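Numbering-wise, the sequence shown is residues 626 to 709 according to the numbering used here.
Here a beta-carbon is modelled for each residue, glycine too, at the ideal position from N, C-alpha and C.
Since the model is a prediction, treat every value here as computed from it, not as a measurement.
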Amino acid sequence: MGNLMSMMNIGKEIERKLNSVGIFTPEDLINTGSKKAFLRLKHTHPNVCLVHLYVLHGAISNTDYRELAPETKRMLKIYSDGIK
């Protein structure tokens, strides 16, 4: 068991939101996946935005969310737009 804030991109606020949807450890986030975790967040915290999805994806892939590949960002945006 670990601390979510030990993952890249995860700060106190996103950790709090993840905890509120049942994600408490890096393992929980990895097993849930960025898209499913984002969907849970979106249902509980409607104000989460595309950047949150980038942050989650980056945390799982150990990549700064600002450095995600353009194609990855495009695919994540398509996913995010589809759940609005």
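query	result
Which of helix, strand or coil DSSP assigns to Ile700	Note that residue 700 corresponds to Met in the displayed sequence, not to Ile. Of the three classes helix, strand and coil, the one that applies to Met700 here is helix, per DSSP.
Spatial neighbours of Thr657 in its chain, beta-carbon cut-off 8 angstroms, leaving aside the 5 residues before and after	Ile648, Arg665
Cβ shell of Lys667 (< 7 angstroms), same chain only, five flanking positions each side left out	Val673, Ile708
CA-to-CA distance, Asp706 to Ile635, given in whole angstroms	23 angstroms
Gly627 versus His677: straight-line alpha-carbon distance, rounded	20 angstroms
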